[in-house]
Every structure is written in C-alpha cells, then in structure tokens.
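Read in order, the letters of the sequence shown are residues 376 to 681 in my numbering.
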Amino acid sequence: MANSSRRIDDPLWKSILEQTFSHFLKFIFPDAESVFDLSKPFDYLDKEFESLFPPEPNGKGVRYVDKLVKVFLKDGGEQFVLCHVEVQSSKGKGDLAERMFRYFYKISDRYKVPVTAIAILADGNRNYRPCLYIQEFMGTSLRYSFNSYKILDQDEAALRSNTNPFAVVVLTALLAIVHKNITDEGLKDMKLDLHDEMMKRKMNKKTRQGIYDFLKYYVSFQKHENFVIFEKEVETKLGRSDTMGTREYLLDKAKRQGKQEERAKAEAEKLAEKRETAREMKKDGLPIEQISKFTKLSVKEIEKLR
Numbered sequence: 376m377a378n379s380s381r382r383i384d385d386p387l388w389k390s391i392l393e394q395t396f397s398h399f400l401k402f403i404f405p406d407a408e409s410v411f412d413l414s415k416p417f418d419y420l421d422k423e424f425e426s427l428f429p430p431e432p433n434g435k436g437v438r439y440v441d442k443l444v445k446v447f448l449k450d451g452g453e454q455f456v457l458c459h460v461e462v463q464s465s466k467g468k469g470d471l472a473e474r475m476f477r478y479f480y481k482i483s484d485r486y487k488v489p490v491t492a493i494a495i496l497a498d499g500n501r502n503y504r505p506c507l508y509i510q511e512f513m514g515t516s517l518r519y520s521f522n523s524y525k526i527l528d529q530d531e532a533a534l535r536s537n538t539n540p541f542a543v544v545v546l547t548a549l550l551a552i553v554h555k556n557i558t559d560e561g562l563k564d565m566k567l568d569l570h571d572e573m574m575k576r577k578m579n580k581k582t583r584q585g586i587y588d589f590l591k592y593y594v595s596f597q598k599h600e601n602f603v604i605f606e607k608e609v610e611t612k613l614g615r616s617d618t619m620g621t622r623e624y625l626l627d628k629a630k631r632q633g634k635q636e637e638r639a640k641a642e643a644e645k646l647a648e649k650r651e652t653a654r655e656m657k658k659d660g661l662p663i664e665q666i667s668k669f670t671k672l673s674v675k676e677i678e679k680l681r
C-alpha cells in the first residue's frame, strides 16, 4: 500500500551541502572554477549564523536548513564571499523572500563582504518560486533579488546525464517529490537506481559516503526493516561485504538482534528441559533441596511445578 505521508529528512541537506560543497558550487554556478579558489578549504559558519538568527522563543516559527559558508575567490588574495544557502521542502509561511533579505543585510553588516544567496526550493508547489523581495514607501524603494533553484523544474534525464556528483542529490530530491506516494518496494528500487547513478560518477570516498547516506535516508521507508534489505541488495550489487565505506549499523543491529533471539531461544529450551527433569524427580519423591542442587532451579520454582 502506498504511503502519502512519508517523512522527508530535511536536516540531511545541512550535512550533504558540507560534504559536497565544491560540487554544489560548480553545479549552481557554471563559471565556479574560474571564480572560486576551490583549492582553499571552506569555512562553515553555522555557529555564527545561529548567533545572527537565533531560534524563536517557545519553538514558534518555521525553522529551515541554512548553511553559511565562507568561500575564497581566485582574484584578490584574502577576498572572500559568503554563500548563503537555504533549503525549503515546503512552502512554510510564504515569507522566504523577506527572510532571505533579512539574512542578506545582517550578514553584509556583520562581515562587510559581498554575499551571494541561493534558495533551494525542494517543495512540491509548482507556483511557489520566490526570488525577489520588494519594499516601497513614500518614494523610497528597495529591491532584493536572489538565486532561486526550483528542484521540481529540473529535467530528470538532464540530471542523469550530468556527471557532477551533486546532480545525484538533486535527482534524489526530485524523485522524492514526483513519487511521493510510492510503495516501499518501489522506493527500494528507486534508491537502488540512485545508488547506480552515484557509482557512475567520480568522487572521493567522503563525498560518496555523504551522497549514499542522503539517498538512503532522505525519504524513509514505511517499514524500518526495508533499510536492512536495501543495504543487503547494495552489498550484493557491489559483490563484496565492504559497501564502499557505507554505514552498516542497521545490518549489524539486525545481526545482533538475530543472535540475541537465538540465545534467548536456546536458554528457553534449556530451562524447559530443567523444569521437565525437576518435575519427573518430584514424581519420584526426591527431596526438593536435592532436585534444586541437581537442576540449579530455585526451591520456590520447583515447588510450583505440577
């Protein structure tokens, strides 16, 4: 049976952006390699962002996945820009454009550097595409536009032909929107297909691990055991037990649970044998203390046997 309310794990965007950020820049900006100095490490300013925009009191308000990153440029030595990335998988309050402007002016005021902002829209509403904030009053006006990337607008075939590893991340999000009512079996096949797409692309082990975790956990199975089945099929596809460094804790957990069940079953059978032996010894009129010593059962337990 299809599940129309599958959980989408939005916080995964936070980690996948960090694990694929150079690929992300090249995916979003065609001239990224000529503009950004990708040889220099990125500085992820998550704590600084939280200090600028603390959570609302009492947990009110919609929280989004935000990533503030210092990116160095090729021209100008220590000159750098702050790329603000916002991911939104639902329309929320419809105030994204205003919030993007507030992010812009606070970040600009704090760091005194150029800011480029990208809003990744991972929602399923085709008419929702904010990219502009306008404020006007008595002859004074302000116009703030920002980059807006609508996942639902993307072409599946184009993503599959794009060799950039980040294309697999976008493809994962796109298929999650398009096939939101998919069955568990269909979802497993979709994840296996995404795994194949990932394996076609060249990337380092850390990036591959990050993308694998994203495609695996971004959309949840209805039945938790299907995660284990999926991992086993990935292992079979690769033809080895080491699934390219993927997290196999679900498989390990299932194995441990299986061993615990086997031990519990063996102990239950052993206890049943002891009780049967004690029962027969009671029928033969042997003293309970002697039966207890022989079977290792308590006197109280032996007395209850009939």
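Yeah, the Cβ is synthetic: ideal placement off N, Cα and C, and Gly gets one too.
* Asked: What separation, rounded to the nearest whole angstrom, lies between the Cα atoms of ARG622 and VAL446?
  -> In the sequence shown, residue 622 corresponds to position 247, counting from 1. In the sequence shown, residue 446 corresponds to position 71, counting from 1. With a pLDDT of 46 at ARG622, under the threshold of 50, the predicted position of this residue should be treated as unreliable, though the coordinate-derived value follows. Going from the Cα of ARG622 to the Cα of VAL446 covers about 30 Å.
* Same chain, Cβ closer than 8 Å to ILE677, neighbours up to 5 away in sequence not counted -> In the sequence shown, the residue the question calls residue 677 occupies position 302. Answer for ILE677: ALA653, LYS657, ILE663, ILE666, SER667, THR670, listed in chain order.
* Kindly indicate which three-state DSSP category THR582 falls into: helix, strand or coil? => By one-based count along the sequence shown, residue 582 stands at place 207. The answer is helix: DSSP assigns THR582 an H, G or I state.
* Buried/exposed call for ARG557, threshold 16 Cβ in 10 Å -> Mapped onto the sequence shown, residue 557 falls at position 182. Note that residue 557 is Ile in the sequence shown here, rather than Arg. Buried, by the Cβ-count rule.
* Asked: Residue range of the alpha helix (DSSP H) that LYS679 falls in?
  -> Here residue 679 is taken as the residue at index 304 of the sequence shown, counted from 1. Start and end: 674-679.
* Asked: Count the other CB atoms within 10 Å of the CB of PHE596; is the residue buried (16 or more) or exposed (fewer)?
  -> By 1-based counting over the sequence shown, the position of residue 596 is 221. Classification for PHE596: buried.
* Report yes or no: do the segment 501-510 and the segment 472-490 share at least 3 C-beta pairs separated by less than 8 Å? => yes
* What is the residue span of the beta strand (DSSP E) that THR515 lies within? -> For the purposes of this step, residue 515 is taken as the residue at position 140 of the sequence shown. Looking at the DSSP string, the run of the beta strand (DSSP E) that includes THR515 is 515-520.
* Alpha-carbon spacing of PHE424 relative to ILE482, whole angstroms -> In the sequence shown, the residue the question calls residue 424 occupies position 49. In the sequence shown, the residue the question calls residue 482 occupies position 107. About 8 Å.
* **Within 9 Å, strictly: CB atoms of ASN539 and ARG576** => For this step, residue 539 is matched to residue 164 along the sequence shown. For this step, residue 576 is matched to residue 201 along the sequence shown. Yes. Within cutoff.
* For HIS459, which three-state DSSP category applies? -> As a working note, residue 459 is residue 84 in the sequence shown. HIS459: strand per DSSP, three-state reduction.
* Out of SER523, GLU655, LEU448, ASP559, point me to the one whose CA is closest to SER414's CA. => Stepping through the sequence shown from its first residue, residue 414 is reached at position 39. Among SER523, GLU655, LEU448, ASP559, the Cα nearest to that of SER414 belongs to LEU448.
* **Close-in-space but distant-in-sequence residues of the same chain around ASP659 (CB under 6 Å, 5 per side omitted)** => The residue you call residue 659 lines up with position 284 of the sequence shown. Excluding sequence neighbours, ASP659 sits near nothing in its chain.
* Asked: Which residues share a DSSP beta bridge with SER523?
  -> Translated into the one-based positions of the sequence shown, residue 523 becomes position 148. Paired residue(s): ALA494.
* Measuring from the CB of ASN556, is there a heavy atom of the ligand ATP at a distance below 8 Å? -> Although the ligand ATP was asked about, the structure shown includes no ligands whatsoever.
* Asked: How would you write the range of the beta strand (DSSP E) that ILE509 sits in, first residue to last?
  -> In the sequence shown, residue 509 corresponds to position 134, counting from 1. Its beta strand (DSSP E) spans residues 507-512.
* To do: Quick one: give me the first and last residue of the alpha helix (DSSP H) that PHE602 is part of.
  => The residue labelled residue 602 in the question sits at position 227 within the sequence shown. Start and end: 600-613.
* Asked: Could you give the residue range of the alpha helix (DSSP H) that holds PHE396?
  -> Locating residue 396 in the sequence shown gives position 21, where the first residue counts as 1. Start and end: 396-403.
* Got a sec, what are the start and stop residues for the alpha helix (DSSP H) LYS481 sits in? -> For the purposes of this step, residue 481 is taken as the residue at position 106 of the sequence shown. Start and end: 471-486.
* To do: Output the boundary residues of the beta strand (DSSP E) element that contains LYS442.
  => Within the sequence shown, the letter at position 67 stands for residue 442. Looking at the DSSP string, the run of the beta strand (DSSP E) that includes LYS442 is 440-447.
* To do: May I ask you to report which of helix, strand or coil DSSP gives ILE383?
  => Locating residue 383 in the sequence shown gives position 8, counting from the first residue. Strand at ILE383.
* **SER616 in three-state terms, based on DSSP** => What you label residue 616 is simply residue 241 of the sequence shown in a count that begins at 1. Its pLDDT being 48, under 50, SER616 is placed unreliably in this model, and the value from its coordinates should be taken loosely. In the structure shown, SER616 adopts coil according to DSSP, grouped into three states.
* Use the C-beta contact count for VAL488: other C-beta atoms within 10 angstroms, 16 or more gives buried, fewer gives exposed. => In the sequence shown, counting from the first residue as 1, residue 488 sits at position 113. Exposed, by the Cβ-count rule.
* Going by alpha carbons, who is nearest to PHE479 out of ASP470, MET513, GLU651, THR491? -> Sequence index remark: in the sequence shown, residue 479 carries index 104 (1-based). Checking every option, the nearest Cα to that of PHE479 belongs to THR491.
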